[in-house]
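Protein chains in written order, with the working numbering: chain A, 149 to 431; chain B, 149 to 431; chain C, 205 to 457; chain D, 144 to 399; chain E, 144 to 399. Backbone N, C-alpha and C define an ideal beta-carbon position, used for all residues, glycine too. No experiment lies behind these values; they were computed from the predicted model shown.
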Amino acid sequence: MTQPVQARSALPDISGYRLVPERHWGRWAAVALIALLLAGLARAFAVGDIEWTYVGQFLTAPAIMQGLVNTIWMSIAAMALGITLGVGTAVMRMSPNPVLQGVAMGYTWLFRGTPIILQLLLWFNLALVFPKLGWGDYSLRTVDVMTPMLAALLGLGINQGAYTSEVVRAGMLSVDTGQYEAAKSIGMTRLTALRRIVFPQAMRVIIPPLGNEFIGMVKLTSLASVIQFAEILHNAQNIYYANSRVIELLIVAAIWYLVIVSILTPAQMLLERRFSRGAGGSR
Amino acid sequence: MTQPVQARSALPDISGYRLVPERHWGRWAAVALIALLLAGLARAFAVGDIEWTYVGQFLTAPAIMQGLVNTIWMSIAAMALGITLGVGTAVMRMSPNPVLQGVAMGYTWLFRGTPIILQLLLWFNLALVFPKLGWGDYSLRTVDVMTPMLAALLGLGINQGAYTSEVVRAGMLSVDTGQYEAAKSIGMTRLTALRRIVFPQAMRVIIPPLGNEFIGMVKLTSLASVIQFAEILHNAQNIYYANSRVIELLIVAAIWYLVIVSILTPAQMLLERRFSRGAGGSR
Amino acid sequence: ELPSRITSRGAIIAAVVPNYPPLELRDPKTNELTGFDIELGNALAAKLGVRMQWQETNFEQMLTSVRTGRVDIVMSGMSDLASRQETATFIDYLRSGSQFFTQASRAAEFATPEALCGKRVGASRRTSLPNDIKAFSDAECVAKGRPAIEYVPTEGSADARTQLRQGRIDAAMQGGETLPYIMGLEPNTYAPVGEPVRFTLMGIAVGKEEAGLQQALADGMRALIADGTYARLLEKWQLTPSAIPEVQINGGR
Amino acid sequence: MSGRPLVSIVNVEKHFGSFHALKGVSLDVQAGEVLCIIGASGSGKTTLLRCINQLVHTDSGAIWVDGELTGHRIQGHSLHPLSEAEIARQRLSTGMVFQRFNLFPHMTALENIVEGPVQVQGRPRRECEAEARTLLERVGLAHKADAYPANLSGGQQQRVAIARALAMKPKLMLFDEPTSALDPELVGDVLAVMKELARSGMTMIVVTHELGFAKEVADRVVFMDHGSIVESGSASEVLGNPREARTQAFLSAVLS
Amino acid sequence: MSGRPLVSIVNVEKHFGSFHALKGVSLDVQAGEVLCIIGASGSGKTTLLRCINQLVHTDSGAIWVDGELTGHRIQGHSLHPLSEAEIARQRLSTGMVFQRFNLFPHMTALENIVEGPVQVQGRPRRECEAEARTLLERVGLAHKADAYPANLSGGQQQRVAIARALAMKPKLMLFDEPTSALDPELVGDVLAVMKELARSGMTMIVVTHELGFAKEVADRVVFMDHGSIVESGSASEVLGNPREARTQAFLSAVLS
Ligand SMILES: Nc1ncnc2c1ncn2[C@@H]1O[C@H](COP(=O)(O)OP(=O)(O)OP(=O)(O)O)[C@@H](O)[C@H]1O
Ligand SMILES: Nc1ncnc2c1ncn2[C@@H]1O[C@H](COP(=O)(O)OP(=O)(O)OP(=O)(O)O)[C@@H](O)[C@H]1O
Ligand SMILES: [Mg+2]
Ligand SMILES: [Mg+2]
């Protein structure tokens, strides 16, 4: 070398010094504090006016298990209805036809604007407005059709559709307009272009929020207990009406909700990762 | 010109032809159909078993107005609490300290994983677990502290905090890491950098979803009726428990919710536009 | 005479909210509907040569359901009140006394209902009990110069008891007929305060125009009293003090 | 020139809001002719191509493609707008290649090419795939049939885009600056494919800044400026010996 | 060279995962010296600068700045890690200018410069603003005090970034390819500011590909390759007459 890079002079040689790792006192104190808090909480729950044997006993009671099943399939069914409506509404909203646009906007406004609990009650009591459905001889009594199950499905699904339509719309807007033009240039009509070209690409943007909404739907079904749909919270309530163990049964329901959400959250992450994979080129 | 650009030959000259505007038959048919449907719906509601005079009479009844006021201020208060907690949790989640990270993740998991109705009931019935709050002489009976109002505020606000923390975190992640480094290079600590540099830039990404969540909160407050918080739906229920006009009172509540949401939605749009303005440079 | 739609269907559809033990509840172990109303209703339908088809609903939907024809009758511990007779006709079959009760540990503090003046008392906001509390408070507290009872609304009677256990309220009120059952479930937790302050009749709610169905149900009920089924079921569900001497139609005031 | 032109543009006007993008443009293109359009940025070249393919609606004037009036049906002395499906059918006679390729990123090269014939023309997939492979060979990409666009270079993507347009068997090909988004070393492959196409007798309208390509391949060159056609003629005339001052100014700026 | 160096780097090692980014680098920089670091992409130049400013933690070795050991406190014969606040304080003696400017986009040029002195050093805003205006004048941007970064050209942004770093009155300035993100016509202004700074006696370490600038301004040039310092000497020695084969190869590649 042309010149000494180093001109070691007044500085001490510390190469032999012992490196003392950081002690993280604050961190350990925080851990201790949190552990103490959790222990205190656990103790309070243990000695508090809560009978843990009831929690254990009812965790797998038939009524609870049946409610769990109803919660799960209703979440899936309502989500399916919501996605169908949401996609339809998003397509209408982006159509050049102002009438369809107006209908789509009105639907979104109305159903996003009213609490779901009201919508459920209105569906369930539809017979007050329409005593019969159908025409003449082919009519059915509304109350025979509008069971708690159907009312819950319609209420949850139609409400979900209003939210999903916005998610789908955002997804469709995220697709480059060049893709529409390329599709048109090979002779596709608007609907074919949407189905074959735009939707498959929009999925990447749509899937993550939809996963969130699915988790939200699992919890939303608990509201259908007001119209006697036998989901898990409703069945837990029926039990505590009979035996007065309110908190215990609420804890049972909470445990199952946490289980479902804890399964769905990583599932959603996997799905997101899958759909964002190999997307490098389209950015 | 070197050469005639045009060699008009066998093609007819259509320049004098009359341009017949598109008739949009389908569009008009759709309008007519929708108008018919809406008219039918209106008629069904008018002649159905609904007493519209009740709706008019109770729309501005004192109990309803007071419920409306409670709904509005509870939405604001719970949202404020939620934002405070959400920001704190997001900062903890992104801290290098694994303990703080763990606490933040646990909080988000627990409160996003359980239905809000359960959380409200658990807060309201906290005295079953903690009969007293405080130590020795300085303790208060939990039931005196945990009024329906406080339980609603805690339930809604803490639940909201779990959701808001994810929104804030996404906002913070959207800020270029170069900004953190530039802040560090002028001697800022992590927290100063967050406060002065990162948050102001994250706001642009945070504001739109937060606006949505605020609208959601207005409707979420209706769930607090189960713990006797006197919001609008609760007061409407009290009226119909007395006079059995269930649907009429539900319609009254729906109208007010729609009014609030119809005011908030354009307000949110304005806010979004303001915050995305002049952002060209930071992309 | 039963209406033809019922005979052809072979069943009476009855609305029930299984949140009022021992009149109606779902057995926590089997999830089956059971209770006094259920067994009495089944016996009544059998007397009339049909089945009883129970349909679970919620409290605010019950009278609405009679109006919309979702159900034929309501048999769910419903009080026969003058205000409700505008929408339905009641076949009365049970007497209910609105009963104050408190925590067993505080029984000495509240020896008589008058001791509750100025205290906090809870009851389900969906029932007529709030009116009973107010009437009692006006007559026995305010009129005699004592502070009024503070009524605390609750979401149901289970909620009222939960709040009583937390000490959020000093006492609660519910139908006296249900107390023995509740006290059997949670021994040494609750204690009644004095005697019921007001008696109401409970009835089967039937649509106002359905004269035939009303008469058939009343006749059937009388037959059940006559053959001893009524007394046997009362006994089984610890309700003997709530028996009524004879079946009335719209006997409530 | 003789016979009916394949494309006949008559007095076309187009405004975007208050901006006058096309000012009475008239132009004929004969079958088998290769026409290059040159001009400064913003002169309306892309807009003209998009009008021919009905991605943009003209304000007035007429465009005839293969003897058919685009966008309207003639009934007596009235013009009725066509439905979306009829416009889609008319577009089948024209293929378009975009500056930014616009391949469908979720489909392989082969699927991109097969998509139109199968979905739009409803032909059997097997037959279309065989044709698509032939087309890929023609553009020199037989080995990339199963690659996704993200894994192709820009020049390869553009050649797939050309094959995709050709798969519909159009009578006319429109190219909008097909090489201007490419790295210099990739331009050659695409131009080679286009030259081969021109030699095979395809009618082509090419918007381009590649004057070398225009000189070599174009039967005619048109120079546009501010929404009008300023000069038109053989490549050697317009590029080598321009008459109009504006054309001279443009060429000296581009060549410097 | 004499006296205590301002920066003394002793045997620094750095791994990123299994990748060995710095291999026992040792280097002294005297007060007032201008040192240019050159080398191929990935040779560890940026990493070395970031170690000096503690944006990256070294695995082993020591870096002394202005007589103070960075990152650790010496207690007897042990080294204790510093807290975040102490590291923030140590960073005050060094200013850093990034390749991509990293101005705060929500603040005007003036606010960008004033932010550090006011928020970190807690000095009165009025006084800092007066100083900031002087600095803006020095980098030739007095008239842009109230412009937001989005409205400044790249070269202007980089000059504001230099002023922002100078506002903290550092003893040492680090530059990481300060002109490589700029359009060619904007490079000159930034280099002019840096030359003026060098002439004023500021100690500077500059990672750069601008060999002309290095020749003109650098007291010393260091060539790095694969995480090691290969050659070091005066600009004319290293750039004009490199001894090492690797340096020769690099220079011939850059100059061609
Ligand atoms: N959809 C549109 N809305 C508004 N203005 C438009 C639109 N499309 C094109 N223009 C304007 O019309 C003018 C002509 O555009 P065009 O794209 O046809 O130019 P060009 O000759 O292709 O230029 P370039 O070489 O830059 O592609 C431009 O000034 C452009 O801004
Ligand atoms: N945070 C990091 N994580 C992993 N690897 C890193 C990280 N930072 C740098 N590297 C790697 O270390 C090596 C040296 O990087 P460095 O940025 O120091 O190179 P450089 O000499 O500045 O190159 P350039 O001229 O491209 O800026 C590179 O191979 C880089 O990929
Ligand atoms: Mg163009
Ligand atoms: Mg670098």
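Answer with buried or exposed for residue i, where buried requires no fewer than 16 other C-beta atoms within 10 angstroms of its C-beta.
i, result
"A:Trp200", "exposed"
"A:Pro414", "exposed"
"B:Met417", "exposed"
"A:Gly145", "Summary: the structure shown does not reach residue 145 of chain A, with chain A confined to residues 149 through 431, and so no result is reported for it."
"C:Tyr355", "buried"
"B:Gln151", "Low local confidence applies: a pLDDT of 44 at B:Gln151 is under 50, so the model's placement there is unreliable, with the coordinate-based value given in what follows. Exposed."
"B:Arg352", "buried"
"A:Val168", "exposed"
"A:Val400", "buried"
"E:Leu212", "buried"
"B:Ile411", "exposed"
"E:His249", "buried"
"E:Leu170", "buried"
"E:Val397", "exposed"
What distance in whole Å lies between the Cβ atoms of residue j and residue i, which are believed to be in contact at a cut-off of 8 angstroms?
i, j, result
"B:Tyr389", "C:Arg329", "6 angstroms"
"E:Val155", "E:Ile206", "6 angstroms"
"C:Met377", "C:Ile337", "6 angstroms"
"A:Gly305", "A:Gly230", "5 angstroms"
"E:Val365", "E:Ala357", "With a Cβ gap of about 10 angstroms, E:Val365 and E:Ala357 do not count as contacting."
"D:Asn245", "A:Glu329", "7 angstroms"
"C:Asn248", "C:Met425", "The amino acid occupying residue 248 of chain C in the given sequence is Leu; Asn does not appear at that position. Yes, they are in contact, since the Cβ atoms of C:Leu248 and C:Met425 sit about 6 angstroms apart, within 8 angstroms."
Would you kindly work out how many angstroms separate the C-alpha atoms of residue i and residue j, rounded to a whole number?
i, j, result
"B:Ile395", "B:Arg175", "35 angstroms"
"B:Gly234", "B:Leu342", "14 angstroms"
"C:Lys440", "C:Asp241", "12 angstroms"
"D:Leu256", "D:Thr390", "The displayed chain sequence assigns Ile, not Leu, to residue 256 of chain D. If you take the alpha carbons of D:Ile256 and D:Thr390, they lie about 38 angstroms apart."
"C:Lys251", "B:Leu186", "49 angstroms"
"E:Leu149", "E:Gly175", "9 angstroms"
"B:Gln214", "E:Leu253", "50 angstroms"
"B:Tyr405", "B:Ile212", "12 angstroms"
"E:Met345", "E:Lys314", "7 angstroms"
"A:Phe347", "A:Met320", "7 angstroms"
"C:Pro317", "A:Asn391", "26 angstroms"
"E:Val153", "E:Ser323", "29 angstroms"
"B:Ser322", "B:Leu181", "47 angstroms"
Would you say the region 297–309 of chain B touches the region 218–231 of chain B, given that touching needs at least three Cβ pairs under 8 angstroms?
yes
Can you list the residues near ligand 2, meaning Cβ strictly closer than 5 angstroms to any non-hydrogen atom, in the order they appear in the chain?
E:Phe159, E:Ala164, E:Ser184, E:Gly185, E:Ser186, E:Gly187, E:Lys188, E:Thr189 and E:Thr190
So, does the region 298–310 of chain E touch the region 237–254 of chain E, judging by three or more C-beta pairs under 8 angstroms?
yes
Would you call the region 225–236 of chain D and the region 316–336 of chain A touching, i.e. three or more CB-CB distances under 8 angstroms?
yes
Do the region 367–376 of chain E and the region 181–196 of chain E touch if we need at least three Cβ pairs shorter than 8 angstroms?
yes
Could you check whether the region 256–265 of chain A touches the region 354–365 of chain A, counting it as contact only if at least three pairs of C-beta atoms, one from each stretch, sit closer than 8 angstroms?
no
Count Cβ pairs between the region 208–219 of chain C and the region 189–203 of chain A that sit closer than 8 angstroms; are there 3 or more?
no
Does the region 154–170 of chain E touch the region 380–394 of chain D, meaning 3 or more C-beta pairs lie closer than 8 angstroms?
no
Would you say the region 234–243 of chain B touches the region 262–275 of chain B, given that touching needs at least three Cβ pairs under 8 angstroms?
no
Is the region 409–427 of chain C close to the region 272–282 of chain C, with three or more CB pairs under 8 angstroms?
yes
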